Every structure is written in C-alpha cells, then in structure tokens.
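**Student:**
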Amino acid sequence: MSNNIATTPEELISKEYTAGFVTDIETETLPPGLSEEVVREISRKKAEPEWLTEWRLDALRRWEKMEEPTWAHVKFPPIDYQAISYFAAPKGDKPKSLDEVDPELLRTYKKLGIPLHEQKILAGVEEEPSQPRVAVDAVFDSVSITTTFKETLKEHGVVFCSFSEAVQSHPDLVKKYLGSVVPKTDNFYAALNSAVFSDGSFVYVPKGVRCPMELSTYFRINAENTGQFERTLIIADEGSYVSYLEGCTAPMRDENQLHAAVVELIALDDAQIKYSTVQNWYPGDENGVGGIYNFVTKRGTCRGARSHISWTQVETGSAITWKYPSVILRGDDSIGEFYSVALTNNRQQADTGTKMTHIGRNTKSTIISKGISAGHSSNAYRGLVRMNPGARDARNYTQCDSLLIGSECAAHTFPYIESRRQDAIVEHEATTTRVSDDQLFMCRQRGIEPEKAVSMIVNGFCRDVFRELPMEFAVEASKLLEVSLEGAVG
Amino acid sequence: MTSQPVKIAPWLDAKQIEQTIENTRLPQPRKDPWKYTSVKQVLERLDNPFDETNELPAQNGSGVIIGDFGAPKISSLARKHVNQIANNSNNVLASLNLLRAQRGYAIVSSQRNDSVCPMVHIPASDSCERILIIVQEYTNLEILEHTTGGNRFIECLILPGGQLVHRRIQPVTTHVEYNSLTVNVMENSSYKMMQYSVGAQLRRNDIVINIEGEGARVDVSGGWKLADTSHLDTQLAVNHRAKGATSHQKFHGVVGDSARAIFNGRIYIARNAPKTDAHLQNKNIATSDGAAIFTKPELEIYADDVACSHGATSGQLDEQQIFYLRTRGIPDDRSRELILDGFLAEIVEHDEGASVLGIQPRKVDGS
Amino acid sequence: MSLLEVSDLHVRVADREILNGVNLEVNPGEIHAIMGPNGSGKSTLTNTIAGQEGYIVENGDLRLNGTNLVELEPEERSYAGLFLAFQYPVEIPGVTNMEFLKTAVDSHRKQRGETALSSVEFIKNMRALVTKLDFNPEFLKRGVNESFSGGEKKRNEILQMLCLDPKVALLDETDSGLDIDALQVVAKGINEFRDSNNAVVLVTHYQRLLNHVVPDYVHVLLNGTIVKSGDASLALDLERMGYAWLEQDSGP
Chain H
6 MSNNIATTPE ELISKEYTAG FVTDIETETL PPGLSEEVVR EISRKKAEPE
56 WLTEWRLDAL RRWEKMEEPT WAHVKFPPID YQAISYFAAP KGDKPKSLDE
106 VDPELLRTYK KLGIPLHEQK ILAGVEEEPS QPRVAVDAVF DSVSITTTFK
156 ETLKEHGVVF CSFSEAVQSH PDLVKKYLGS VVPKTDNFYA ALNSAVFSDG
206 SFVYVPKGVR CPMELSTYFR INAENTGQFE RTLIIADEGS YVSYLEGCTA
256 PMRDENQLHA AVVELIALDD AQIKYSTVQN WYPGDENGVG GIYNFVTKRG
306 TCRGARSHIS WTQVETGSAI TWKYPSVILR GDDSIGEFYS VALTNNRQQA
356 DTGTKMTHIG RNTKSTIISK GISAGHSSNA YRGLVRMNPG ARDARNYTQC
406 DSLLIGSECA AHTFPYIESR RQDAIVEHEA TTTRVSDDQL FMCRQRGIEP
456 EKAVSMIVNG FCRDVFRELP MEFAVEASKL LEVSLEGAVG
Chain X
84 MTSQPVKIAP WLDAKQIEQT IENTRLPQPR KDPWKYTSVK QVLERLDNPF
134 DETNELPAQN GSGVIIGDFG APKISSLARK HVNQIANNSN NVLASLNLLR
184 AQRGYAIVSS QRNDSVCPMV HIPASDSCER ILIIVQEYTN LEILEHTTGG
234 NRFIECLILP GGQLVHRRIQ PVTTHVEYNS LTVNVMENSS YKMMQYSVGA
284 QLRRNDIVIN IEGEGARVDV SGGWKLADTS HLDTQLAVNH RAKGATSHQK
334 FHGVVGDSAR AIFNGRIYIA RNAPKTDAHL QNKNIATSDG AAIFTKPELE
384 IYADDVACSH GATSGQLDEQ QIFYLRTRGI PDDRSRELIL DGFLAEIVEH
434 DEGASVLGIQ PRKVDGS
Chain Y
570 MSLLEVSDLH VRVADREILN GVNLEVNPGE IHAIMGPNGS GKSTLTNTIA
620 GQEGYIVENG DLRLNGTNLV ELEPEERSYA GLFLAFQYPV EIPGVTNMEF
670 LKTAVDSHRK QRGETALSSV EFIKNMRALV TKLDFNPEFL KRGVNESFSG
720 GEKKRNEILQ MLCLDPKVAL LDETDSGLDI DALQVVAKGI NEFRDSNNAV
770 VLVTHYQRLL NHVVPDYVHV LLNGTIVKSG DASLALDLER MGYAWLEQDS
820 GP
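Rendered as structure tokens:
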C-alpha cells in the first residue's frame with residue numbers, strides 16, 4: 006500500500022538538513038595537493054600491491070594531460086586540485102570489531118540512523134518481516150569503519166567488504182575487474198578517482214546465489230578541505246542476484262567539497278544487480294554557498310546473456326550533480342534500467358541522466374526520469390541511447406518528465422538517440438509541467454494545506470520511480486523530497 | 084587599414100568581417116552542433132568556387148518587391164536588416180557566406196493579408212547567396228524554395244500581423260549543400276514552414292526561429308526519404324522569447340541503404356515567455372541495416388507556466404501492419420510502400436513536396 | 570441561523586464584474602438548485618464561495634454557519650464545512666485516490682483536534698462507502714481523476730463529498746455529461762449525503778438531476794443576479810420555456 010508515502014510528511018518534524026553536523030574526532034589528513042608522492046602515500050597507507058600503485062600512477066599521469074569536461078549545463082568556478090586533501094581518516098588503526106570503534110563515530114552513525122549493530126537485530130527483538138535486514142559498509146571520509154553481517158553473508162559465499170580489504174583478500178577479482186567497466190581515462194573525474202581513490206565497497210556474489218539481504222554503503226564526508234573519492238566494484242556471477250543501496254551525507258560547510266566516485270558493476274550470465282542511491286550530500290545554503298560537487302561516474306556492464314542491471318536514484322543533495330549511471334548491454338537478451346528522481350532547489354544545479362549502449366541482440370532498456378526544479382535551481386536530463394549495428398531487435402523506451410515549481414527555475418532535456426540498426430526501436434517522450442493552480446485549489450478545497458498539497462503532487466509525479474526503490478528507501482526518499490522542497494512554495 | 088566593401092552589401096567592410104573570422108573559433112568537429120556532420124566538408128565547399136548565379140526569383144502575381152540589395156526600393160531595408168536579423172557576430176559560416184556570396188537580394192511583401200497571397204519562387208542554384216525576406220505588417224507571402232548544392236543564407240523578418248508560408252523542396256544533389264535560415268517572428272504574426280528532402284552527398288539545414296512577439300504562431304514540419312549514402316542534417320531551434328506564442332514542430336523521416344539522417348530539434352523558452360505552447364515530434368523509420376539515425380529533441384525551459392513536450396522515435400516498419408495489409412491481398416513490397424507513404428504523407432501538405440518524396444499527396448478532405 | 574448566507578455579493582474577475590448583488594439563504598436540511606444559462610455567473614458564484622484565486626469580492630458578505638468566509642483560505646473554508654464538487658475535476662497524476670482522500674480526511678481531523686485514522690481503519694471505511702455507492706473498488710487505487718472518464722470524475726466528486734461530510738455541499742454541474750446510469754449513482758450519493766443538519770446547493774443547466782434529487786427551492790441566476798426564486802415547479806417551467814421570458818422580465 007502506497008499510503009505510507011502520503012503520511013510521512015507529518016512525521017517529519019524538522020525540515021533542516023539534519024545530517025549537517027560535524028563529528029569531532031581526531032583525523033589523520035594528508036596535506037593538500039596532488040602529486041606522485043601523494044598517490045604513492047595513499048597506496049602505501051593501504052598496503053597495496055605494486056601493480057595497483059602503478060595503476061594509480063598511470064591514471065595520475067594521464068589525468069594530468071586531461072581537461073575538465075565543459076559540456077554539462079552547470080556553472081562553477083575553477084577547482085584548485087592542489088588545494089584539496091586527498092586522504093583523511095580517523096586516527097589509529099582500523100578497528101577489528103565494533104567494540105574498538107571510536108564511540109564518537111558510533112554516535113555519528115546512530116544520529117544518521119545507520120544501524121552498525123547487527124547483534125540487536127539478529128536477536129530478533131526489533132526484527133519485523135516487513136523490515137528486511139540490511140548489511141552496512143560504513144565509509145567515513147577516506148576509510149571504511151566497519152562492515153556488518155560479514156559472517157552471515159560469508160555463509161552464503163557472498164563477499165561484502167571495504168574496497169581496501171578486497172585488495173588484500175581477493176586480489177585476483179580486483180585485478181580482473183577494476184577499470185574493466187570504467188577505464189582509467191574514461192573521463193577527467195574518473196581518471197582523478199583512479200589515481201587517488203580511497204575506500205568504497207566491494208561485493209562479489211558467487212554463481213547461483215541470491216544475496217540473502219540488502220547490501221548498503223553509507224558514505225559520510227566529515228573532514229574539512231578533503232575530497233571524497235570512493236571506488237565501488239560489484240560483481241554478480243552467473244545466475245546471482247544482489248540489491249545494493251547507497252546513501253550519503255556531509256556536514257554543512259561554506260566551502261564546496263569535491264566528491265568524485267567511480268562505481269563499476271559487472272553482471273555475468275543471468276545475473277541481476279539492483280543499485281539504488283539516495284543521494285543527500287549537503288546541497289549548500291539557500292544562497293548557493295557551500296555544498297558538495299558530486300561528479301560521479303557510475304556504469305554497469307551486462308556482460309552475460311540475460312543479465313539485468315537497474316539503477317534507481319533519488320538525487321536531492323549536492324550543490325552540483327554531474328552523474329550518468331549507465332549500462333552497457335553486451336550480453337544477448339540483457340536488460341538495463343534507469344529510474345531517476347532529481348530534485349533541485351535554491352541554487353542547486355543538476356546535469357544527470359544515463360547512457361544505454363545496446364550491443365547484444367534483443368537487449369532492452371527503460372529510462373524513467375523525473376526532474377523537479379524549484380527555487381533558482383537548474384535541472385537537466387542528459388541521456389544517450391545508442392543502438393549498435395549488432396543490436397538486433399533491441400528496444401528502448403524513455404520517459405522524461407520535468408516539473409517546475411516557481412518561475413525562477415529551469416528545466417532542460419538533452420536526449421541523444423543514435424540508431425544504426427533497422428530493427429531496433431527507440432521511443433523517447435518528454436513533457437514539462439508545473440504544479441498547476443487548479444490542482445492546488447482542488448487540494449485546498451478538500452482541506453489540504455498548500456505545502457502538503459505540493460509535496461503530495463510531487464510524490465505522485467515521482468511514483469513510477471519510487472516504486473522501484475526498496476521499501477525503506479522509498480519512505481526515506483519521499484521524506485527527503487519534502488525536506489528539499491522546503492521554502493519552494495511561495 | 085583601408086576598408087574594402089563586401090560585394091553584395093557594399094556598406095559592410097569585408098576587412099572587418101575577415102578580422103572577425105580570424106578571431107573566432109571555428110566550429111568544433113565531432114562536437115555539437117557538428118557532432119554527426121563534417122564541418123570540414125562544409126568549410127571546403129565555401130572555399131571552392133561556386134557556379135554563376137541565377138536570375139532573380141520569379142514572382143507570381145503582384146504585391147511583392149524583389150531586387151538586389153542595392154535596388155532603389157530595397158537598399159534602405161537591406162542596410163537595416165542584412166546580417167542583423169541573424170545574430171551572426173560569432174558565426175564563421177555566416178561571415179564566409181557574406182564574403183563569398185555572388186548575389187544578395189531581398190523579397191519584400193506588400194500585399195494585405197486579406198487579399199490573394201503572392202507567391203515567389205526561389206530557384207535552385209549551386210551558387211552562394213544571401214537572401215533577405217521581409218513580410219511587412221499585415222501582409223502575406225508565400226515562398227516556394229528549391230535548394231541544390233549551394234550555400235544559401237536566408238534572413239527573414241515577419242512584422243506584426245504578417246503571414247509567411249514557406250515551402251522548401253530539396254531534391255537529389257551530388258553536392259555538399261549548406262543552408263542557413265533565421266526567421267524572426269513578431270507579435271501576432273505567423274510562420275509556416277514545410278521542408279521536404281531527399282538525398283545529397285551532404286546536406287545541412289540550420290533553421291533558427293526566434294519568436295519575438297506575443298501571440299505568434301509557428302508551424303514547422305518536414306519529411307525526408309534518404310537512400311544510398313546520402314547525408315541529411317537538420318538543426319532546428321525554436322526560441323520562445325515572448326509570451327503566449329505557439330510552436331509546433333513535426334518531422335517524419337525514412338532512411339534506407341547507408342544513408343544517415345540527423346535531426347536536432349531544440350525548443351528554448353525564456354523566462355519572459357510564459358503561456359508558451361510548444362511541441363516537437365520526430366519519428367524515423369529505418370529500412371535497411373546500414374541506415375543510421377541520430378536524433379536529439381531538446382528542451383531548455385526557464386518559465387514554469389508552459390505546455391511543452393517533445394518526442395522522438397526510431398524504428399522499422401511495423402510487421403503487424405504489413406501482415407494486416409497482406410491478409411487483404413496486398414503483396415509484401417506494396418504493403419511496405421503503402422505504409423511508408425502513409426507515414427510520410429502525415430507531414431506532407433503540398434503536391435511538390437509529395438512528388439519529391441515520391442508519394443501520393445494526402446487530400447485534405449480525406450478522399 | 571442559516572447554514573449558508575450570501576448577501577449582496579458583488580464579484581469581479583479580472584476587470585469584469587460578473588456577480589452584481591447575489592442574495593441566497595440556505596438552511597439546514599434544504600436542497601437548493603441554482604439554474605441559469607451559460608455565462609450567467611453560476612460557476613463564478615461557486616468558485617467565489619470556495620475561495621478560488623482571481624475571484625474578487627467587491628462587496629457583500631459570505632457566511633457559513635455564521636463564519637465570515639471572505640478572508641479565509643480555501644482549506645479554511647473546507648474546515649468550516651464547505652465542499653465544492655468541481656465542474657471540471659482536476660487530475661493529479663501518480664497520487665492515488667486513497668492517498669488523496671486520506672490526506673484530506675486527516676487534515677480535517679487534525680483541525681478538529683482528532684488523531685489521524687490508521688490506514689487499516691480508513692481503508693475499511695472507504696471500502697464500505699464505495700460498496701454502498703456501487704463504485705468499483707479499483708477506483709481508490711487509481712491516480713486522482715487520472716484517465717477517468719467524465720462520469721467517473723463526477724462520481725469521484727460525490728465520493729469525496731461523502732468522505733469529508735461537509736455542512737454545505739456546492740455541486741457545480743455535477744450532472745453534466747452523465748449517462749442515465751451515472752446520473753442515478755450521483756443522485757443516490759446526494760440523497761445518501763443529505764440530512765436535516767446539512768444542505769446541498771445544486772448548480773445545473775437541466776431539470777433531469779432534479780427528477781432524482783428534488784429541490785426545496787429553485788433560483789434563476791441571470792446576468793449576475795438571482796432574478797427569480799420558486800419551488801421545484803420553477804425548474805419544470807424553465808425546462809419548458811427556457812430563460813428568455815425571465816430575461817425580458819428582468820430586462821436591463
């Protein structure tokens with residue numbers, strides 16, 4: 006029943022950016038600047054093998070020759086890459102168990118509502134059938150603090166750990182797949198990430214295994230003047246299934262912070278990966294001061310026949326979003342999906358969308374994008390659907406809707422369609438609407454206050470995407486929209 | 084520096100225009116808006132000599148003045164508007180056209196729009212031309228234009244209450260052809276354009292329509308049927324800069340053999356253009372595996388009180404439709420032809436358009 | 570005290586004066602019908618009472634149960650007990666009927682200091698109501714008026730009326746565009762709703778709804794004022810003779 010969405014607005018007491026606090030903790034930070042030495046130092050801190058250090062250095066050298074992309078519909082002052090610190094971690098060795106984790110950190114995650122204690126839930130006290138268990142990898146600045154339910158997952162053969170740990174424990178898998186979907190030099194930010202990536206999550210689901218619980222990573226930026234450069238790699242072996250969630254927050258600060266992540270997904274024959282993001286990086290204040298630059302490369306490859314990758318994203322945070330979660334449909338009969346809600350308010354800018362590259366026969370992709378612009382913000386959908394000559398009977402359907410709230414915002418749609426195949430079918434539709442006076446009046450006549458009416462209408466507009474989110478995320482996403490729309494109704 | 088007059092527009096200084104060209108960045112190959120068409124080939128075409136120019140256009144009926152930019156009734160209008168209607172300060176291709184053009188002439192309407200509409204035929208030519216069209220207040224005009232392999236820049240201004248119907252026929256040519264059209268549409272005026280295209284080695288049509296007055300109405304439709312290795316690139320931008328205007332764009336294309344069809348349709352709605360009603364549709368059918376279709380319908384919207392949509396499709400003939408026709412006894416080949424003809428007929432409103440596309444025109448009354 | 574009191578109401582829309590001195594008094598238990606040709610000001614009257622933006626009260630008074638409505642926001646008028654069944658019900662894509670109704674009912678309950686109904690309880694109530702009205706329960710799961718037929722939209726208005734249980738229901742041409750079956754369902758809903766404590770104001774063009782819902786009073790609105798009032802037989806006269814004879818009576 007969907008009415009849990011409609012009732013959530015009332016449950017929401019505070020409408021501030023609630024995740025905007027700073028954790029007071031001693032941090033070990035590399036001095037600002039980027040050089041071979043810095044890259045070597047990061048690699049050394051993580052005790053990486055020689056090949057990976059070289060891989061990073063190669064990326065750095067190539068990055069130095071690259072130029073920042075300028076085609077996106079966003080504006081920002083030049084970034085001084087030498088003023089950023091590329092590594093920050095809480096002091097001390099990595100805790101071996103939760104008991105060794107700094108209590109201040111535990112308090113932080115509690116405050117954010119992220120469960121790091123698996124025992125309680127395991128005891129069955131709080132467990133409800135409607136609330137499936139979620140395994141969490143908690144990444145704090147450049148390092149992973151802890152990963153829950155590792156043992157339970159291990160029983161099923163599922164590997165879920167921090168990326169740094171995977172480099173040590175599963176070097177062959179890392180070596181085989183790292184950079185296989187997003188090459189080092191794919192783009193400026195991906196190259197930067199390849200040189201300096203810190204921590205992230207690693208998932209391997211073996212053949213025929215249906216991962217018994219949702220996996221999630223929670224990214225937290227805390228330290229000042231640092232960038233966040235996580236790297237996530239998910240491999241779903243033949244016939245396996247995994248649903249992965251990603252959340253992110255950051256303190257409210259007046260300066261912009263860079264987040265340049267790379268996510269690579271690999272689905273082999275008959276495998277399915279469902280990747281959901283609720284992105285709530287600090288968006289800056291109402292005058293556009295501060296906030297995260299979210300310049301992220303996410304791509305999955307449906308390598309095997311009948312494999313299936315879906316991206317679902319709810320983007321409400323960040324000062325600037327530059328993000329195109331994509332699928333390369335290589336395997337015959339494979340399926341790629343992209344469901345997106347992107348909301349911008351105040352001075353936020355988003356240029357987001359997807360690329361669906363159809364290579365295999367009978368491949369199918371669906372794109373549902375809902376952009377909501379309010380305040381003085383700018384929201385662009387940018388997409389590419391490419392049907393290669395071998396993509397016999399491939400199909401794409403794209404629905405791309407924009408909702409404008411207020412007369413100072415902007416909404417754009419830039420969908421590229423490239424078809425080199427006669428029997429491939431591509432359909433693209435886009436509409437632009439606003440919350441109409443008639444809709445508002447009818448709601449108010451029925452006794453619904455304007456703010457609530459707008460949030461209800463916006464939720465309705467996003468329904469097709471929320472349907473794709475795991476239950477608990479759908480509720481959170483709906484709440485986030487409400488918070489993000491604060492002040493948008495005149 | 085001594086000045087040197089532009090041949091077709093002696094009041095302009097060629098040296099200065101050359102200077103501008105030197106200081107302006109050339110269009111970048113493989114980047115929008117030249118992502119799929121070789122700008123190099125177009126520049127080369129502009130560098131090579133063109134054929135001698137034709138006669139002035141023929142006119143059918145009175146109510147229109149046609150003459151070179153220097154002609155007595157034209158020159159003051161030409162001075163005022165040539166290179167002004169299109170904002171060409173940074174457009175290298177427009178500047179080159181101005182320098183190379185062998186002929187520049189204007190067509191000015193003077194017939195009240197409650198009387199019979201005069202018709203002007205702009206003939207095909209392989210030359211380099213600059214044309215100015217002025218539709219004066221509350222007058223009407225119909226243009227029939229043929230293009231083959233030349234370089235033609237048209238600047239058009241439709242003054243308040245004016246009405247222009249513009250039919251553009253683009254038959255087969257083996258040349259590289261580049262056309263640029265800019266139309267400024269003032270309040271309560273209307274512009275209706277139909278463009279019918281078949282093959283060319285390379286044919287590029289840039290169309291910019293600026294809606295500068297309230298309540299204006301713009302209808303643009305087009306069809307193409309491409310075979311062999313022909314290459315057609317249509318870049319359409321409709322800029323709504325005044326409120327309460329309507330624009331409808333509809334393009335259907337059939338692409339066969341190893342032909343390439345490129346369509347970019349952009350609707351821009353400025354903040355001061357609320358109550359805009361703008362829609363764009365582009366549908367493509369590929370009839371061979373070598374055919375390539377690149378389409379991008381764009382929206383760029385800065386006003387909230389608008390009704391705006393676009394759509395694009397690319398696909399092949401519907402096998403169900405073919406089957407249906409065959410069960411009625413129509414052979415496979417003929418079924419395909421019929422369906423393709425019907426698909427193109429949806430946008431064809433003119434006999435000559437139909438004949439260039441090789442289809443039977445659809446009668447308005449449905450008979 | 571009368572439930573709805575409209576006195577000397579003058580209303581302007583943009584720079585046109587549409588209503589010039591409407592008087593209407595509706596008491597508990599009564600059904601009133603307001604009839605009149607197109608453009609006579611019927612919808613202006615209902616929209617003004619409900620507080621639609623752009624309808625400017627130049628003069629006069631609007632009271633519901635003694636409360637002055639003129640300065641109130643639309644939702645406050647709703648809380649005061651006013652319901653408007655829209656002539657053209659608005660679509661809200663993606664928002665289910667159930668969700669919409671629950672949000673509305675909860676807002677009303679909150680106003681009255683009551684707690685929100687649990688989802689289970691609410692769904693139970695709605696199911697019962699839907700069954701009573703012979704509606705398809707699927708109705709509740711669909712988006713508000715989203716791809717509803719004309720008849721379905723009007724039925725949905727009646728459902729909302731019963732759900733919110735107002736003091737005064739204004740029904741703006743709820744009968745227009747209905748086939749005979751739908752008309753009967755709508756009439757059934759209105760008769761289900763009415764009791765001795767509330768009142769119904771039907772705005773209509775035609776007599777036919779009035780065969781099923783018999784009004785106590787019929788008013789004729791012409792050129793922005795009520796030119797004639799009578800009992801149900803007046804509606805029959807209008808059906809037979811049209812409005813022209815009244816136009817002459819009231820002549821400018």
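From first to last, the protein sequence lines are chains H, X and Y.
Under our numbering, the first residue of the first sequence carries the number 6, and numbering increases by one thereafter.
Under our numbering, the first residue of the second sequence carries the number 84, and numbering increases by one thereafter.
Under our numbering, the first residue of the third sequence carries the number 570, and numbering increases by one thereafter.
Beta carbons are placed, not taken as given, at the ideal position from N, Cα and C, and that holds for glycine.
In this text the structure is predicted, and so the values were computed from the model without any measurement.
1) Hey, how far is the Cα of Y:V626 from the Cα of Y:I661?
2) What residue range is occupied by the uninterrupted beta strand (DSSP E) comprising H:K279?
3) Under a CB-based cut-off of 8 Å, is H:T437 close to chain X?
4) Does the beta carbon of H:K99 sit closer than 8 Å to a beta carbon anywhere in chain Y?
5) Who are the Cβ neighbours of H:S370 in its own chain at under 6 Å, not counting the five residues just before and after it?
6) Give the secondary structure of X:I157 by DSSP, where H, G and I count as helix, E and B as strand, and everything else as coil.
7) Quick check: what's the CA-CA separation for H:Y209 versus Y:G663?
8) Can you pull the DSSP bridge partners for X:G398?
9) Taking the alpha helix (DSSP H) that H:V201 falls in, what are its first and last residues?
10) Which chain H residues sit within Cβ distance under 7 Å of X:Y385?
11) I'd like to know if H:G495 contacts chain X, where contact means its C-beta is closer than 8 Å to some C-beta of that chain.
12) Shortest alpha-carbon distance to X:V303 belongs to which of X:S397, X:Q332, X:K326?
13) Could you tell me which whole beta strand (DSSP E) segments of length 3 or greater appear in the segment 624-701 of chain Y?
14) Can you name the residues of chain Y whose CB is closer than 7 Å to the CB of H:Q2?
15) Would you kindly work out how many angstroms separate the C-alpha atoms of Y:T822 and Y:L815, rounded to a whole number?
16) Going straight from the alpha carbon of H:Y4 to that of H:T357, what length do you get?
17) What separation, rounded to the nearest whole angstrom, lies between the Cα atoms of X:Q443 and X:T312?
18) Who are the near neighbours of X:K308 in its chain, counting only those whose CB is closer than 6 Å to its CB and skipping five residues on each side?
19) Would you call Y:V783 buried or exposed, if buried means 16 or more other Cβ atoms sit within 10 Å of its Cβ?
20) Residues in the same chain with beta-carbon distance under 7 Å from X:R409, minus the five sequence neighbours each way, listed in chain order, please.
21) Is H:R304 near the ligand ZN, going by C-beta to nearest heavy atom under 7 Å?
22) Does DSSP classify H:F419 as helix, strand or coil?
23) Taking 8 Å as the CB-CB cut-off, is H:Q404 touching chain Y?
24) Taking just the CA atoms, how far does X:S121 sit from X:E127?
25) How close, in whole Å, do the beta carbons of X:I168 and X:N267 come, if the pair is a contact with beta carbons under 8 Å?
26) Output the boundary residues of the alpha helix (DSSP H) element that contains X:D434.
27) If the criterion is Cβ atoms closer than 8 Å, does the pair H:W286 and H:G322 meet it?
28) For Y:G650 versus Y:N666, is the C-beta spacing smaller than 8 Å?
29) According to DSSP, simplified to helix, strand and coil, what is X:F426?
30) Between which residues of its own chain and H:V130 is the CB-CB distance below 7 Å, once the five residues before and five after are set aside?
31) Within 10 angstroms of its Cβ, does X:M276 collect 16 or more other Cβ (buried), or is it exposed?
32) Starting from the beta carbon of X:S528, find every residue of chain H whose beta carbon is closer than 9 Å, and list them in chain order.
33) Tell me which same chain residues have a C-beta within less than 8 Å of the C-beta of H:T32, skipping the five on either side of it?
34) Work out the CA separation of H:G38 and X:N395 for me, nearest whole Å.
35) Using the C-alpha atoms, what's the distance from Y:R646 back to Y:I587?
36) Listing by chain order, which chain X residues have their CB less than 8 Å from the CB of H:I377?
**Tutor:** Looking at the atomic coordinates:
1) Position 57 of the third sequence, counted from the start, is the residue given in the question as residue 626 of chain Y. Position 92 of the third sequence, counted from the start, is the residue given in the question as residue 661 of chain Y. Cα to Cα, the separation comes out at about 29 Å.
2) Against the first sequence, residue 279 of chain H aligns to sequence position 274. First-last of the beta strand (DSSP E) with H:K279: 277-284.
3) Here residue 437 of chain H is taken as the residue at index 432 of the first sequence, counted from 1. It does; some Cβ of chain X falls within 8 Å.
4) As a working mapping, residue 99 of chain H is identified with position 94 in the first sequence. Any Cβ of chain Y closer than 8 Å to the Cβ of H:K99 would place that residue at the interface, and such an atom is absent.
5) Sequence index remark: in the first sequence, residue 370 of chain H carries index 365 (1-based). Only G341, M361, N401 meet the Cβ criterion.
6) Within the second sequence, residue 157 of chain X is the residue found at index 74, counting from 1. Per DSSP, reduced to three states, the secondary structure at X:I157 is coil, with no helix or strand assignment.
7) Position 204 of the first sequence, counted from the start, is the residue given in the question as residue 209 of chain H. Position 94 of the third sequence, counted from the start, is the residue given in the question as residue 663 of chain Y. Annotation: H:Y209 to Y:G663 spans about 37 Å, alpha carbon to alpha carbon.
8) Looking up residue 398 of chain X in the second sequence gives position 315. Assignment of beta-bridge partners to X:G398 by DSSP yields X:I368.
9) Your numbering for residue 201 of chain H matches position 196 in the first sequence. From DSSP, the alpha helix (DSSP H) with H:V201 extends over 193-201.
10) Along the second sequence, one-based indexing puts residue 385 of chain X at 302. Those are A415, listed as they occur along chain H.
11) Numbered from 1 along the first sequence, position 490 holds the residue referred to as residue 495 of chain H. Reliability of the predicted coordinates at H:G495 is poor, the pLDDT of 48 falling under 50, and the value obtained from them is presented with this limitation in mind. At a cut-off of 8 Å between beta-carbon atoms, H:G495 makes no contact with chain X.
12) Residue mapping note: residue 303 of chain X aligns to position 220 of the second sequence, counting from 1. Scanning X:S397, X:Q332, X:K326 for the CA closest to the CA of X:V303 turns up X:Q332.
13) Runs found: 624-633, 651-654, 661-665.
14) Nothing can be reported for residue 2 of chain H: it is not among the residues displayed for chain H, which extend from 6 to 495.
15) Because chain Y is modelled from 570 through 821, residue 822 of chain Y falls outside the range shown and cannot be assessed.
16) No answer is possible for residue 4 of chain H: the residues shown for chain H start at 6 and end at 495.
17) By 1-based counting over the second sequence, the position of residue 443 of chain X is 360. By 1-based counting over the second sequence, the position of residue 312 of chain X is 229. Each residue's Cα considered, the two are about 25 Å apart.
18) The residue given as residue 308 of chain X occupies position 225 in the second sequence. The residues are V281, V337, L440.
19) Translated into the one-based positions of the third sequence, residue 783 of chain Y becomes position 214. Exposed, since its Cβ has fewer than 16 Cβ neighbours within 10 Å.
20) Translated into positions along the second sequence, residue 409 of chain X becomes position 326. Answer for X:R409: D415, S418, listed in chain order.
21) As for the ligand ZN, it is missing from this structure, which has no ligand bound.
22) Position 414 of the first sequence, counted from the start, is the residue given in the question as residue 419 of chain H. Correct three-state label for H:F419: strand.
23) As a position in the first sequence, residue 404 of chain H is number 399, starting the count at 1. So no, H:Q404 is outside the interface.
24) Position 44 of the second sequence, counted from the start, is the residue given in the question as residue 127 of chain X. Position 38 of the second sequence, counted from the start, is the residue given in the question as residue 121 of chain X. Cα-Cα distance, rounded: 10 Å.
25) The residue labelled residue 168 of chain X in the question sits at position 85 within the second sequence. The residue labelled residue 267 of chain X in the question sits at position 184 within the second sequence. About 5 Å separates the two Cβ atoms, so the contact holds.
26) In the second sequence, the residue the question calls residue 434 of chain X occupies position 351. Unbroken alpha helix (DSSP H) run through X:D434: 434-440.
27) For the purposes of this step, residue 286 of chain H is identified with residue 281 of the first sequence, where counting begins at 1. For the purposes of this step, residue 322 of chain H is identified with residue 317 of the first sequence, where counting begins at 1. In this structure, H:G322 lies closer than 8 Å to H:W286 by Cβ.
28) As a first step, residue 650 of chain Y must be located in the third sequence, where it is residue number 81. As a first step, residue 666 of chain Y must be located in the third sequence, where it is residue number 97. No Cβ-Cβ contact shorter than 8 Å links Y:G650 with Y:N666.
29) For the purposes of this step, residue 426 of chain X is identified with residue 343 of the second sequence, where counting begins at 1. Of the three classes helix, strand and coil, the one that applies to X:F426 here is helix, per DSSP.
30) On the first sequence, position 125 is the one that residue 130 of chain H refers to. Low local confidence applies: a pLDDT of 41 at H:V130 is under 50, so the model's placement there is unreliable, with the coordinate-based value given in what follows. Leaving aside the five residues that flank H:V130 on each side, none in its chain has a CB nearer than 7 Å to its CB.
31) Taking the second sequence and counting its residues from 1, one reaches residue 276 of chain X at position 193. Under this definition X:M276 is a buried residue.
32) Lying before the first or after the last residue shown, residue 528 of chain X is absent from chain X, which here runs from 84 to 450.
33) For the purposes of this step, residue 32 of chain H is identified with residue 27 of the first sequence, where counting begins at 1. The residues are A93, A94, P95, K96, D146, N227, A228.
34) Here residue 395 of chain X refers to the residue found at position 312 when the second sequence is read from its first residue. Here residue 38 of chain H refers to the residue found at position 33 when the first sequence is read from its first residue. According to the sequence shown, residue 395 of chain X is Ala rather than Asn. In a straight line, the C-alpha of X:A395 is about 47 Å away from that of H:G38.
35) Along the third sequence, read from residue 1 onward, the residue named residue 587 of chain Y stands at position 18. Along the third sequence, read from residue 1 onward, the residue named residue 646 of chain Y stands at position 77. Here the alpha carbons of Y:R646 and Y:I587 stand approximately 22 Å from one another.
36) Position 372 of the first sequence, counting from 1, holds the residue named residue 377 of chain H. What H:I377 touches in chain X: nothing, since even the nearest Cβ is about 11 Å away.
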